[in-house]
Structures are given as structure tokens and as C-alpha cells.
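Numbering (full-length UniProt numbering), first residue to last: 1 to 538.
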């Protein structure tokens, strides 16, 4: 039977579906009419129409972070492609596999002064590990294959621009699956890890810094910490990996972490980094010997003064290191010092989370969220004071947290929450945002309405860019532009088809949160928040 001829756009969608893509985020533009037409004629991949291309890229990045699969966003040429850049920066910085597909001027207009034309390969060059302009319809499959293999294999951003006329041309080729990859196990032995074990045996004040890459080995790390007498600190991505009642878990460090952990960490003489490339500048020891475990050796160059890099999976290394330290005698004085720092912060944190008053102290807001959200909820954090207060006061259990880690862009929270709900409709999804971050993506409240997304957005409304105000104060600089002109968020939410709620006092926080979480459809909780100087600001 003769195969039906497909356009480039139709063939592309068939190939993306075979890659596991089920959603494409974007804004319609004339240079992508071929893609839009093809999307409208099928029902395997859903097109999520957003209000701004940055939201599309944020949602693709959030999907890639949450699932590990390929996140896809699309935009028209010129301004549309340029608007994707912020979200692609987030994916690039946090190593999320994202493919951006942009329209381009018709083939005979490329390189001319055609309206909106720009060399889009140069535009995305700082962020995309692979970027190609599709010049021939029959190269569609090969170009998509290379983009997907690169994105998923290296966890990077890739980009394809396609001229408007080529998108609608007939194309040869058949979609094919990416090759299955059998990943060999590393051959670690006591002997091959002897150098690492020898360094660890010199420790009088050992510490472990763990991140998201240690998810599958948290129990083994606790065993190692107990044997070695090491405190465990976590990055924001590693928050929730360990039961906070564990005696050697000191929670996070840096902005939003355990404030007593910084002094402890600076005293460390040997540090083991497991599943993280984060080195909290300003909170770190100066003379410690550092061992870093990671699957990709290039991560060891991220300004971390690593003495020994172990390239491999954390779960393959930690049990052998634990076995190698069986005869190690830990320092009980150091363990007691660690536990004292843990207990002192636990008492202070509990008191802080119960701070009374209105406008409400940010710690009190986060404590109310902690008390009311589902244990398996997905939290989407915007960047700003809301991030550090959440890190400081939220006692994460089995919740998943989406955030802009290294790019640290405002405006991430709402798009990430929407993507999470599309991907995991059965999960409770809560976005914790500042008023400044939310205002950057306000138009996309209507996207949640359009797709009937049952999400809750909690706004810490202190009418300021508080983090920047705090940093200006620390730097002893004058301020301008940090006060915000805010709308009535409740009225705005209601105008967009949301349910809007606002507690009148701190005593209503839990009841309002429970009402919001049990309300069907998108719900916004606007909380008048005290302008509190964040104590760990640097």
C-alpha cells in the first residue's frame, strides 16, 4: 500500500510523537502556519497556546525537569524566537532537554532585509548545543533525530528553525524511534576507590553535600553519614531526600538554609559532594579536601575546588565507600557539634513559623502551606524571596519541587505549575510566587483558565521586590524601583475566570489554604505579606 505523502510539518509531528512528545507549547505566528495546520489536523500531540513565548519555553523546561523527557516549544520567526530565549536559558542552565522549533523567513528571503528576519542560529547560540536551519524537506527526520539525541543524551537545549515555505512542502522519510541505549555499569571496587577512602579516613570534621542526583541513594548516604560521623546538607534540588528527623541531616545551606549550618560547614576538613554541582559561595570551607561524584566529568569545573572527581553513578559509589570505612572511628565531639546546630535551628525554625501578625510574616505563610498541601504535591517556585523562605521553612516530604536553579529567572512559577498539571493531572499542584514574579506572566492566568487547570497559586504580596531591596541594603546602596504597583490580584484572578481568595489575618491561613486546595479549577490566594529582611542575605 502506497504511503500517504506528508508535509514537513506532518512528518515532524509523527516523529516527535514517536519520541514521546505529547504537548507542544507556543504562540501562533505566520512563519509557523505549517506547524499549526498540521497540529489542527491530528489529536496525538496537543498544542498548548500561551500568551507569551517565554511562558512556552518555561513550560517546556518544566516538563523536561519533571519527566526527564523532551520538552518542546515553538514560536514564529524574529520576535517570537527572541521571546523564547529566557525560558531556553532556564533549560540550558538546569540541563533540561528542550527542543525549540522556530519558523523562519521563506527560503528565498533568508539573508535579506525581510521583515522579522534574523539569523536564529546566532540568536540561540549561547544556549543551544545544536541548532540547525532545515534547508531541505527530505532532511526532516535526520535533523530531528540529531536534535532529540543531543537533547536527551546530553540533557541540553537544541533548536531547529524551518523556513515557512519548507514547513508546507512534501517530505520523504519515515519516523523512527531513537535507539535504545544499554548503559553499562561502572566497575568500581574497593581498590579503585582507595584514593577516595584514604582521603575520607583523614576526616575529623566530615560533611556531605547532596543534591537531586542523589535521589536513589539517600538511604545509603544516611548510612555513610552515620558511619563517617558526617553532617548532611542539601541543595534546594536535594531538599526532601532525607527525613528531617535523621540526627545528622542539617537541612539546606546558603540563602534559605539552616543558618547555623554555615559555620559548621566552614569548619569541615573533608567534603563529599553527591549528586550536586552546587557550591554555595560564601558558606563554604576554605581548606577542605573535596571529593565529587558525578556522571559527567565536565561538571567538576564549576568553580568547585575538587581534589578528587569520581565519574560514575552515585548509587554505584556510595555503598563501596561505606564498606571501605567500616573500621573508621568517627569523632563524637564533631557529631555532637552537628546535632547541636540541628537542634538549635529546629527550635528557632518552629518558633519562626508560628510568628503572629498581619501583614503576615513569610515564615508563617510557608508553614501554613507546609501544613496543608498533600504529601505528594508538586510545588512550583518562582524566583525571589518566596524561594528562600520556602527553602527555609517548608519541611518537604515526598513533594516534587520545580524551580529555576541556576538561571534564577522570575516568572517561572506559574508556567511550571501549568505544565505540571498538564503532565500529572492527578497530582495537587501549588505555585508559590512573589508579586513581582507573577506580574511578569499575568496574562497567562488565562492559559490556566483556557485549559481548565486545577492549580493553586499562592502570592506572597509585599508590594516590593524584597530580595533586591534586601541586597541593596546589604550593599549600602540607595534604592529606586523596588516598590511595586500591584493590581488587586483577587479581582484580576476573578476577571480571568479564577477563584480568588484572601485571608484577613494570619489565623485564617490554614483554612483559606484548605479551601483553595479543595476548590475545583484555578485558584489564587493573595496573602498580604510583611516586608521582612531575609536574615541570610549577602
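Heads up, the beta-carbon is just placed ideally off N, CA and C, and yes, glycines get one too. Keep in mind it's a predicted model, so treat the numbers as computed, not measured.
Residues of the same chain with a CB within less than 7 Å of the CB of residue 67, apart from the 5 flanking positions on each side, are 423 in chain order. According to DSSP, residue pairing for residue 73 in a beta bridge involves 25, 100.
In this structure, the CA atom of residue 153 is about 44 Å from the CA atom of residue 340. With respect to the 8 Å criterion, residue 377 and residue 430 are classified as neighbours on the basis of their beta carbons.
Restricting attention to alpha helix (DSSP H) runs no shorter than 4 residues, the UniProt domain "Thiamine pyrophosphate enzyme central" (193-318) encloses them at 194-201, 218-228, 261-266, ordered along the chain. Per DSSP, residue 499 is one residue of the beta strand (DSSP E) stretching across 499-501. Counting every other CB atom within 10 Å of its CB across the protein chains shown gives residue 464 a total of 16 or more, marking it as buried.
Looking only at 489, 451, 268, 413, the smallest Cα-Cα distance to residue 203 is reached by 268. Taken atom to atom, the span from the alpha-carbon of residue 440 to that of residue 308 is near 43 Å. At least 8 Å separates the beta-carbon of residue 95 from that of residue 149. Annotation for residue 158: the continuous beta strand (DSSP E) segment containing it runs 157-163.
With the rule of 3 Cβ pairs closer than 8 Å, the segment 445-459 counts as touching the segment 512-528. DSSP places residue 404 outside any alpha helix (DSSP H), giving it a letter other than H or E. Under DSSP, residue 476 shares a beta bridge with no residue.
The C-beta distance from residue 240 to residue 399 rounds to 6 Å, short enough to fall under 8 Å. DSSP, read as helix, strand or coil, puts residue 434 in strand. Of all alpha-carbon atoms in 104, 97, 291, 328, the one lying nearest the alpha-carbon of residue 75 is that of 104. Contact between residue 506 and residue 364 holds: CB atoms are separated by about 6 Å, below the 8 Å threshold. Pairing residue 484 with residue 436 gives a Cβ-Cβ distance under 8 Å.
The beta carbons of residue 274 and residue 199 sit no closer together than 8 Å. Contact between the segment 40-53 and the segment 109-121 is not established, with fewer than three Cβ pairs separated by less than 8 Å. Looking only at 395, 488, 434, 255, the smallest Cα-Cα distance to residue 538 is reached by 255. Residue 65: not part of any beta strand (DSSP E); member of the alpha helix (DSSP H) spanning 53-67, first to last residue. Annotation for residue 334: 204, 205, 229 place their beta carbon closer than 7 Å to its own, counting only its chain and skipping 5 residues before and after. The C-beta distance from residue 414 to residue 379 rounds to 13 Å, too long to fall under 8 Å, and the pair is not in contact. If you ignore the 5 residues before and after residue 177, its C-beta comes within less than 7 Å of the C-beta of 18, all in its own chain and listed in chain order. In this structure, the straight-line span from the alpha carbon of residue 60 to that of residue 336 is close to 46 Å.
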